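Q:
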Amino acid sequence: MEKSLIILKPDAVQRGLVGDIIKRFEMKGLKILGIKMTSLDSALLEAHYSHLTDKPFYKGLENFMKSSPVIVMAIEGFECVNSIRIILGATNPREAEAGTIRGDMAIGTGRNLVHASDSKENGKKEVARFFNDDELFSYDKSEYLHIYEGHERG
Ligand code: DAT
Ligand code: MG
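Residue numbers (the numbering used here): 40 to 193.
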């Protein structure tokens, strides 16, 4: 089972889209291992966006991510990293497919509502970066029998 770190960014919180976005992950059948509201600081953001700190838009991105609380979620599912990126849509919401979160609800690249991990390795790393062990829950989801075939349940 893969893990993905999801952030519902300040625009999702401010626009009242938190419920609609979480709904899409729940509808897919993904398991929420942890969820909380938190504020992000510069050090955490620099670690999280280390691939972008030298970009001209980085300071704006950092300020935006600190501009209001966010919701962070740890999600688990079979090959879920890729599935979740598909549910998000392209980084630039104007190029995101209709039916995706960004395609349906966003316009600006710097206001694209949601972060999700981009690889299995980063999923593991990012969940550990944003959650303490005692904030993550291990439990059986009864509906798994109707979401997965046996070999996919792990
Ligand atoms: P993604 O969020 O799809 O994984 P990313 O990791 O390349 O995309 O970038 C992280 C965030 O940085 C992205 O969600 C929005 C912002 N960003 C990326 N490219 C940008 C650009 N050209 N202008 C403004 N913001 C940008
Ligand atoms: Mg990314």
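From the three backbone atoms N, C-alpha and C, an ideal C-beta is built for every residue, glycine too. Owing to the predicted nature of the structure, the values given are computational and were not obtained by experimental measurement.
Do three or more CB pairs link the stretch 69-85 to the stretch 99-114 at distances below 8 Å?
A: The answer is yes - the stretch 99-114 touches the stretch 69-85, with three or more Cβ pairs under 8 Å.
Q: Going by DSSP, what residue range makes up the beta strand (DSSP E) through G116?
A: It spans V109 to G116 - the beta strand (DSSP E) in which G116 sits, taken as one unbroken run.
Q: Going by beta carbon distance, what residues of the same chain come within less than 6 Å of K159, once the five residues before and after it are set aside?
A: So the list reads E41 and V120, once near-sequence residues are dropped.
Q: Who are V153's beta bridge partners in DSSP?
A: According to DSSP, V153 bridges with L47.
Q: Please determine, among G73, K67 and D50, the residue with the shortest C-alpha to C-alpha distance to F170.
A: Residue G73 is the option with its Cα nearest to F170.
Q: Find the nearest neighbour of Y88 within the set L184, D179, H154 and E182, judged by alpha-carbon distance.
A: Y88 has its Cα closest to that of H154, out of L184, D179, H154 and E182.
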